[in-house]
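Protein chains in written order, with this note's numbering: chain A, 116 to 473; chain B, 116 to 473. For reference, the structure is listed below as structure tokens.
Put into structure tokens, the structure is as follows:
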């Protein structure tokens with residue numbers, strides 16, 4: 116099995132810490148390691164570094180390689196431009212086909228959080244066993260713990276017999292992010308799982324599925340494939356990739372394909388979608404304050420705040436529900452619960468051409 | 116007339132900007148100049164620098180002289196220890212008596228704000244004319260604009276005939292900081308003025324009043340006076356001053372004396388008591404946000420905040436009524452309206468012996 120880390124994200128929602136040059140997966144917002152380091156180190160016990168590919172943007176490749184010296188530089192695939200997950204996965208599948216026409220690929224987002232690493236490794240190994248015959252597209256499903264409107268859902272169908280050591284189910288349907296009422300209805304049935312965005316399949320299987328459901332993108336990939344190894348490779352890839360439409364693998368393939376299966380597992384998973392999520396995931400003191408350096412927090416009647424401030428004392432007096440994030444050149448203070456509006460700050464900065472802060 | 120600037124304050128309420136080494140009057144919290152620079156520059160048109168004395172603590176003398184190069188170093192009197200205003204004023208009166216037994220002194224707190232400098236100068240000149248015969252203790256009274264519970268009040272009595280070009284009144288009583296109901300009652304009479312803490316009198320007059328109302332302190336001052344010019348001067352001053360009780364001139368003399376008069380004037384005055392006051396005094400944008408550097412504030416649905424942050428972008432999302440103060444080593448976020456509780460942060464830091472932040 117090969118690991119393919121999708122590291123194309125920009126991470127506007129984590130401004131001011133995330134920037135054009137430093138997207139979310141390259142940040143250590145949840146601990147000592149960056150999210151991509153966590154992602155890679157999590158699978159190293161079952162996939163050696165020479166079998167791990169990372170797809171990323173040119174602007175991030177250098178820092179990414181610095182953070183992951185164990186990954187051979189040749190394994191870092193640079194997308195000419197971001198086109199969502201379908202083209203990215205197609206490009207990785209092409210690259211793997213050259214190495215091994217029977218390759219099974221485990222696709223992992225670079226910037227998610229998983230608490231139970233060992234369970235993930237067992238699930239990936241089980242998924243490899245299921246995917247090896249090339250007949251299915253395997254997903255990892257998370258039993259939902261609340262009616263999230265921020266995640267997609269997988270509707271679990273009948274059990275599938277498989278050679279894997281874990282339970283595997285057919286997927287009856289795949290649902291986009293629901294509204295709150297719909298999410299509650301999903302949970303009440305007990306049949307829905309969060310779509311973790313982790314997929315396991317043979318490279319040949321996903322390329323065949325793209326040929327059927329995304330023929331335009333597949334055609335582009337074939338153009339790139341033909342140019343590979345010729346002097347025109349870079350130019351063709353650049354031109355063709357730019358011409359592709361941006362579409363997710365979920366919307367482009369998974370929602371249509373009939374051979375999708377799921378392995379459910381309670382991974383302690385989060386897509387780490389916003390600063391609000393960071394507060395939820397962080398360890399907090401008795402007053403609900405989550406400080407990066409708790410010994411540098413002095414609080415009087417302060418509750419439920421997130422303090423992402425480094426190298427300085429933070430004193431809070433009578434404030435609650437604040438997300439406070441400081442970098443060398445910017446200080447953000449956002450009401451907890453509305454961190455999606457941080458995007459508006461980024462929009463203003465773009466509009467004002469304050470590029471140094473982007 | 117001599118100017119005597121009282122610069123003994125510690126300014127805990129302006130933490131983290133004010134520190135042991137940098138009290139409020141040495142800070143530029145209201146503009147380009149520090150409060151003591153404003154105070155001195157305000158009276159320079161009527162009192163030359165060689166006639167301006169400043170009483171301060173040893174720890175602040177060097178920075179003070181750096182900020183006020185026009186003041187002769189010999190005019191900076193160092194208090195061995197802070198003992199509130201009565202001993203401080205007595206020490207300055209002694210020093211002036213040596214220079215000029217007929218000296219009139221204008222006492223000015225170093226850390227207040229005054230909008231109408233020219234009016235103040237005219238009031239001080241009028242006060243000098245009143246005080247010159249040595250019969251009265253002249254105060255400056257401010258017509259109150261709201262029922263403040265943070266200021267003392269002067270009860271205005273009958274007009275007094277005087278050689279001054281401005282109206283002068285007897286003071287019927289002096290009141291400590293009232294509670295809210297009492298403050299409202301004061302305002303409804305139209306007879307009460309805020310006690311600005313600015314006093315004008317002959318050095319000999321206040322020393323005589325202290326001999327009567329504060330005989331213990333006056334006795335100590337006489338001990339110091341006798342030692343002046345002898346080899347024991349420093350040692351005696353140090354020992355005697357430390358032994359004095361701390362008491363304000365208002366409580367120790369003014370509330371008891373019968374020869375207090377007042378010149379009222381709408382000076383646009385504030386004692387600049389807290390970060391809350393700074394927000395009130397600061398110029399604000401249409402949303403009530405007062406930023407030190409407005410061009411570095413990016414706000415989305417943010418109202419009535421104070422931003423004392425330098426050299427960095429501040430982004431606010433959905434927050435209101437915050438006092439945000441940042442220094443190189445500390446970040447304070449305090450709910451507006453309760454900035455008196457910043458003292459509790461300082462208490463915690465003292466208790467934890469985090470002296471670097473004090």
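Backbone N, C-alpha and C define an ideal beta-carbon position, used for all residues, glycine too.
Contiguous beta strand (DSSP E) elements confined to the region 169-227 of chain A occur at 191-194, 219-224, taking only those with 3 or more residues. The beta carbon of residue 445 of chain A sits closer than 7 Å to some beta carbon of chain B. Assignment of residue 336 of chain A by DSSP, reduced to helix, strand and coil, places it in the helix class. Only those residues of the region 389-417 of chain A whose C-beta falls short of 7 Å from the nearest C-beta of chain B are listed: 413, 415. Interface flag for residue 432 of chain A against chain B is set, since a Cβ pair is found closer than 7 Å. Below the 9 Å Cβ cutoff, chain B contributes 434, 437, 448 as neighbours of residue 437 of chain A, in chain order. Taking C-beta separations shorter than 7 Å and ignoring five residues to either side along the sequence, the partners of residue 280 of chain A in its chain run 241, following chain order. The C-alpha of residue 137 of chain A lies about 14 Å from the C-alpha of residue 152 of chain A. Taking a Cβ-Cβ cut-off of 9 Å, the neighbours of residue 427 of chain B in chain A comprise 441, 442, 443, 444, 445, 446, given in sequence order.
Taking the beta carbon of residue 262 of chain A as reference, no residue of chain B falls within 9 Å; the closest one sits roughly 24 Å away. Collapsing the DSSP output to three states places residue 413 of chain B in a strand. Assignment of residue 403 of chain B by DSSP, reduced to helix, strand and coil, places it in the coil class. Within a 10 Å sphere around the beta-carbon of residue 301 of chain B sit 16 or more other beta-carbons, which makes this residue buried.
Residue pairing by DSSP places residue 472 of chain B in no beta bridge whatsoever. Put simply, the backbone Cα of residue 393 of chain B is about 37 Å away from that of residue 396 of chain A. Partner residues in the beta bridge of residue 254 of chain B, as assigned by DSSP, are B:314, B:377.
Listed by position along chain A, the residues whose Cβ is nearer than 9 Å to that of residue 472 of chain B are 413, 428, 430.
Beta-bridge partners assigned by DSSP to residue 355 of chain A: none are found. Of all residues in the region 447-467 of chain B, those with a C-beta nearer than 7 Å to a C-beta of chain A are 447, 448, 449, 450, 453, 456, 457, 459, 460, 463, 464, reading in chain order.
DSSP lists B:288, B:307 as the beta-bridge partner residues of residue 270 of chain B. For residue 330 of chain B, the number of other beta carbons within 10 angstroms of its own is below 16, and it is reported as exposed. Under the criterion of beta carbons closer than 8 Å, residue 199 of chain A and residue 361 of chain A qualify as touching, at roughly 4 Å. For residue 460 of chain B, the enclosing alpha helix (DSSP H) has its first and last residue at 457-466.
Look at the beta carbons and you see the region 216-233 of chain B not touching the region 338-358 of chain B: under three pairs across the two are nearer than 8 Å. Taking the Cα of residue 124 of chain B as reference, the smallest distance to any Cα among B:160, B:116, B:169 is reached at B:169. Straight-line spacing of the CA atoms in residue 212 of chain A and residue 335 of chain A works out to 16 Å. When secondary structure is reduced to three states using DSSP, residue 121 of chain A falls in the strand class. Within a 10 Å sphere around the beta-carbon of residue 156 of chain A sit fewer than 16 other beta-carbons, which makes this residue exposed. Below 8 Å, too few C-beta pairs join the region 414-421 of chain A and the region 242-261 of chain A to call them touching: fewer than three. Among the residues of chain A, those whose CB is under 7 Å from the CB of residue 424 of chain B are 446, following chain order.
Per DSSP, residue 239 of chain B is not a residue of any beta strand (DSSP E); the alpha helix (DSSP H) it occupies stretches across 232-246. Secondary structure of residue 277 of chain B (DSSP, three-state): coil.
Secondary structure at residue 130 of chain A: coil, using DSSP grouped into helix, strand and coil. Closest in alpha carbon position to residue 304 of chain A, among A:312, A:311, A:272, is A:272. Taking the Cα positions, residue 147 of chain B is about 21 Å away from residue 121 of chain B. In the structure shown, the three-state DSSP call for residue 368 of chain A is helix.
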